[in-house]
Every structure is written in structure tokens, then in C-alpha cells.
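Here the structure is laid out as C-alpha cells; the discussion comes afterwards.
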Amino acid sequence: MKKYALLNIFIVTLLLTVTTLHAQTLNWSSLNKSKQLIHTFAGAEYGLVFGVGYSYKLPVNSFPLLVTAEYSFPSGGTLTDDFKTKIGGQIPLIKLDHFRFAVKAQGIFRRYENDLVRLANWGVDVSGTIGYYRPRWFAGAEAGLDKAIATHFKHSNQYKNEYRDVKDGWFEPATGGNFYYGLQTGISFQRYDLTLKGGNVLAQDFKSKPILPFFAQVGCNFRF
Amino acid sequence: MIFKSNVSALLFVLFLVACSTKDRTLTGAGNLVAKTADQDPGLPSIKVNNYILHSEAYGPFGATMIVALHGGPGADYRYLLPCKDLAANGYRVVFYDQRGSGLSQRLPKKAYTELGEKAIDQMYEELKSVIEHYRTRPDQQVVLLGHSWGAMLASGFTGKYPGLVRGLILCEPGGLKWKDVTDYVKKSRSMKLWSEVLNDASYIDQFISGKEDQHEILDYKMSMLSSKNDITGEGSFDPAISWRDGAVIMDALFEVGEHNKSDFSAGLEQFKKPVLFFFSEKNKAYPESWAQKITAVYPSVNRVKVPGVGHDGIITNPEAWTKTTLPQILAYLNTLQ
Chain C
109 MKKYALLNIF
119 IVTLLLTVTT
129 LHAQTLNWSS
139 LNKSKQLIHT
149 FAGAEYGLVF
159 GVGYSYKLPV
169 NSFPLLVTAE
179 YSFPSGGTLT
189 DDFKTKIGGQ
199 IPLIKLDHFR
209 FAVKAQGIFR
219 RYENDLVRLA
229 NWGVDVSGTI
239 GYYRPRWFAG
249 AEAGLDKAIA
259 THFKHSNQYK
269 NEYRDVKDGW
279 FEPATGGNFY
289 YGLQTGISFQ
299 RYDLTLKGGN
309 VLAQDFKSKP
319 ILPFFAQVGC
329 NFRF
Chain X
280 MIFKSNVSAL
290 LFVLFLVACS
300 TKDRTLTGAG
310 NLVAKTADQD
320 PGLPSIKVNN
330 YILHSEAYGP
340 FGATMIVALH
350 GGPGADYRYL
360 LPCKDLAANG
370 YRVVFYDQRG
380 SGLSQRLPKK
390 AYTELGEKAI
400 DQMYEELKSV
410 IEHYRTRPDQ
420 QVVLLGHSWG
430 AMLASGFTGK
440 YPGLVRGLIL
450 CEPGGLKWKD
460 VTDYVKKSRS
470 MKLWSEVLND
480 ASYIDQFISG
490 KEDQHEILDY
500 KMSMLSSKND
510 ITGEGSFDPA
520 ISWRDGAVIM
530 DALFEVGEHN
540 KSDFSAGLEQ
550 FKKPVLFFFS
560 EKNKAYPESW
570 AQKITAVYPS
580 VNRVKVPGVG
590 HDGIITNPEA
600 WTKTTLPQIL
610 AYLNTLQ
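Just so you know, the protein sequences line up as chains C and X, in that order. When you line the first sequence up against the working numbering, it's residues 109 to 332, in that order. When you line the second sequence up against the working numbering, it's residues 280 to 616, in that order.
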């Protein structure tokens, strides 16, 4: 528990002290000469979450590849017990006038803890976004899959009092997965983008839904 | 160099061993949640209406039978075990996990939803069959002791079979008419968006997801939700204790109830015997006014407020049980003789 708390503090400190953070929701047209992005966001995604991110733009042929890092945590009485980190990249594959189709792939490490269990998970998040991008505004649609690949379970004594033979350790195959799809928009001015996105979340069986079957997020990007 | 290589190799092997996931799948029986009676022959069980139910009974065979009915739907009788004290007072006490609940056999969701309102009738028929299973003489008296959903089930059964029930002991049924049930559920589960409780309930959805009839996964996730409730006082004043939740039956019976607007008060006007009704001081969703409203359908009722406890504590809190609940039950049972 302590090591995760320290990891949390380290990541927050790192992301807040570096000069740039990233926006998962961004206006490709407003990037232009900016090489770095700072992004902060808040919204609903499996809970009320807050997050920060950082992106660095690498030129790959004529397309910008954004290498991204992101950290988010949900609200609650204990802020350090749950968190999610993502590292990956996104790149616009197709550009047609002001239309772009971009793909994103991120590795995920996330943690969850309550009175009964502590979970640590490795996963991936892949998505595609198609949108119309102008220098002052943009609008698009996004669809993706958030897959929990391998999860480590460590149960508390409270749970073991209920079921003493419960197994701890890494569980496979993939322990979960949710599809998400929705719309995103935003406006850009000076060095800033204000973004808004929202949509639905559906379990990988296309039938069941999570307790919060939607996501909604407001964000702010700072470009330079 | 060789030493370093060996150490590296050893560490690598240890890492692989530590990461081994042999036999650790979410759906493996017994991995995350306890096995059910059809998976573990060592559990005490009975076969009723073709389903294997986790069940046991205590006390003299022919004595007045008290059938303990757990909450949920989908909970189990582990937290009702203090009722075994009634066996020491000369009563035959019967416990069973309802179908799809606790350690009893699981059924697919469609086994309930395709039946519509008859799914509730099957719960009554199951209770009737459990009584018949344990009854050793035709004139053996039966008293139902139901907690929460179990109190709704006991009330519905009594309305349907008033002649079979000698006495009725109820603890905080959420409601008997469907609108009252949904109102109570809303009041008792209204979590704040920024609360740790909601976070604990919802954040786990990105780690684990289960398909419709993956009972092991769904039951495990349900156990993560139901350990504590600051509104009803469950887990707040006394540790919640259970064997295993039944997520599918809970979901299915709520769907059936919502679709058919189930009424657990039907026929209760025919039951003229006194009812003993408990509610708890610390359940914020169950004030005295709600207890009065819910008990209005019983022709004769004695309401008892249990001090210092929440929803489960009426039975699970040792002090409340020995000082309030058990003495009240024994006094009530004496009046039935």
C-alpha cells in the first residue's frame, strides 16, 4: 500500500513539474508548431475522475506522432488507493482536407483497492477517432476498447474471513474489457484547447454494462 | 560472471513462478468465490424441486419449525446463524440458501426472467418444499423468520398460504408493494458521485467484467459492492458476513419485479395472527414512518425498534440479538403456543 502511495506521489510530482502535459482529446489543426502539450481533465469514467497528461510530438514522415503519458485517479475518501496510468501514442493516419482519422494505442497500469481486495492490472486501450479539424474548433467521433489483460489479486483478511480458500496472484486470461464510443468537440484559442467528450461504455459481451455505463470529460490543453 | 548469470537465471525463474497463473481463472470453481453445494458434495444440502440447496437444520425434529429466510435476493443464511439460539430453546430451526443464492445451485438468468411473475411463485414453491422436506409430522407448526428480502418472501408466502403459517417474524422488508420496494432501494443505495462507496462499486468495472451467466465473476463483483452501506448501516456497526452472493438471481428477480410490479402483500388480509416486526435505529432509509407504512397491511402487528444497529445488526449484532431481538422472538413464540 505504501509503495503505491509513493508511486502516486512520484507520478503526480513528475507530471506537475514537467513543462508539458498531454490531451487525449485534441485539435490536430491547432497543434502546428507546438511540440508539447499539457492536459488536465475531469469527468466521469468508472467514477468521478481527475487526471493530468503529457504529450510530445515526434515528426514521423509528414504525420505527427504524439507520445503520451497520462495519470488519473477517482474521487473518494482515500485518494491514493485507486489510480490509472497510460503510456502510448496516437497518430493521424489519414488526412483529407480538414478531416482526419487518428488511431491511439496505450499500455495501461491501474490499481484498485477496497476493504476486501487490492487489484493491480496491466491492460491496453486502443481506439480510433474520425473528426473535422479547424484551427479554432473541432468535432469528432471516437470508438475504442479498454482491455484488462492480466490482473493481480491480493485479498484482505476481511475477505479471507468470508472465504478462506480464495486465491491470490495473477489471473488470466483477460479479466475484463469494455468498448466505448462517443463524440468529442472543442475550441482552440491562443495556446489553449477547451475540450468536451462523452459517450457510452459497453462490456465486451455487448450486453452487460458497467455501473456507470457512460463517460463524460471536460479538459484543457496547453500547447507550446 | 557465471555467478551473475546464475543469479539472473534464478531470479528470472522465480519471476516466472511468481507470475504463473496456473489454475487461476476468474471462472474457475472456488478460485474467487466459494463452491456451491452442487460443486462441493461436502456441504450440507437438500434436493428440492430438482435443485440442490445449501441447507441445514437444528433442534428437536418435531418441535415448532422456524424457517429463516435470508435477504438479497441473492444473499445467504450465514448472517442469520445467531438464530440457532432458538434451537437451544426447543425449536426446530431450518436454514437454507434460496436457489441461485449463497452456496445453493446457480441457474441461468433466463430460468427466472422467462417465467415472468411465476419466478416469484417458484420462490414460494421452493419454500413450501423446504418446509415439507423438514416436516416430520403433519401438525408441526411453522413460523417464518425473514430478513429484508426474506421478509418480503415470507409475507408473500403467507398471503398465498395463510393456513400453512403459524407465526411471522419480519425484519425490515424494503417494501411489499413494488413502488415501495423501488423507493426503498433508491433511498438505501443513493450514493454520492464523489463518494468512496460509489468509487469502490464502479471503478472495479474496468478490471473485471463478466458475461450474463458467468456466476463466479458476477457473484465476486457483487461481493465487492455489498460489504458496506453507510445509509442502511450494513457493515458500519457490525461486520457484514456471508458465504457468497448470488448476482444473477438478484438481477433477475428485480427485473421480474419491475416488469410485473410484484406485490408481496397480496392475500395478507387473510392472515389474522399477530406479526412481530423489527426495524433498526441506525438504518437511515428505514425511519419509524416507513416502518408504519410498510406494516399497515398486517391486520395485527407489534413493531419493535432495535437500538444502536443497522439493517443486519438486528440479528448479527450480539448485544442487540441477546438483549432485544431474541427475547422479543421468544416472547412472541410463547404467545403462539
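Where is the CB? At the ideal position from N, CA and C, for every residue including glycine.
| Query | Result |
| --- | --- |
| To the nearest whole angstrom, what separates the beta carbons of Glu405/X and Gln377/X, a pair I think is in contact under 8 Å? | 7 Å |
| Give the interface partners of Trp230/C over in chain X, defined as CB-CB distance under 9 Å, in chain order. | Chain X residues near Trp230/C: none, gap ~11 Å exceeds 9 Å. |
| To the nearest whole angstrom, what separates the beta carbons of Leu256/C and Gly215/C, a pair I think is in contact under 8 Å? | Note that residue 256/C is Ala in the sequence shown here, rather than Leu. Not quite, the Cβ-Cβ distance comes to about 12 Å (not below 8 Å), so this is no contact. |
| Does the beta carbon of Lys275/C sit closer than 8 Å to a beta carbon anywhere in chain X? | yes |
| Confirm, please, whether the CB-CB distance from Tyr403/X to Lys439/X is below 8 Å. | yes |
| For Asn273/C, is the classification buried or exposed, using 16 other Cβ atoms within 10 angstroms of its Cβ as the cut-off for buried? | The sequence given here places Asp at residue 273/C; Asn does not occur at that position. Exposed, because fewer than 16 other Cβ atoms sit within 10 Å of the Cβ of Asp273/C. |
| Taking C-beta pairs closer than 8 Å, name the residues in chain X that Thr186/C reaches, listed in chain order. | Glu475 |
| State the DSSP-derived secondary structure class of Tyr403/X, mapped to helix, strand or coil. | helix |
| Report the three-state DSSP secondary structure of His538/X (helix, strand or coil). | helix |
| Got a sec? Which residues, its chain only, sit under 6 Å from Leu305/X by beta carbon, not counting five neighbours each side? | Ile496 |
| Do you know how far the Cα of Phe287/C is from the Cα of His494/X? | 22 Å |
| Bridge partners of Phe340/X, per DSSP? | According to DSSP, Phe340/X bridges with nothing at all. |
| Locate the beta strand (DSSP E) running through Tyr179/C, then write down its first and last residues. | Phe171 to Pro182 |
| Does Ile448/X have its Cβ less than 8 Å from a Cβ in chain C? | no |
| Contact check, His206/C vs Arg242/C under 8 Å by CB: the rounded distance? | 6 Å |
| Could you compute how far the alpha carbon of Phe330/C sits from the alpha carbon of Gly151/C? | 18 Å |
| Under the three-state reduction of DSSP, which class applies to Leu605/X: helix, strand or coil? | helix |
| Evaluate contact between the segment 521-538 of chain X and the segment 563-583 of chain X, counting only Cβ atoms and requiring at least three cross-stretch pairs below 8 Å. | no |
| Going by DSSP in three states, Thr86/C sits in which element: helix, strand or coil? | With chain C covering 109 to 332 only, the question about residue 86/C has no answer from this structure. |
| Mind checking which residues open and close the beta strand (DSSP E) that includes Lys305/C? | Tyr300 to Ala311 |
| Just checking: is the beta-carbon of Glu250/C within a distance shorter than 8 Å of some beta-carbon in chain X? | no |
| What are the partner residues of Arg218/C, as DSSP defines its beta bridges? | Lys192/C and Asn229/C |
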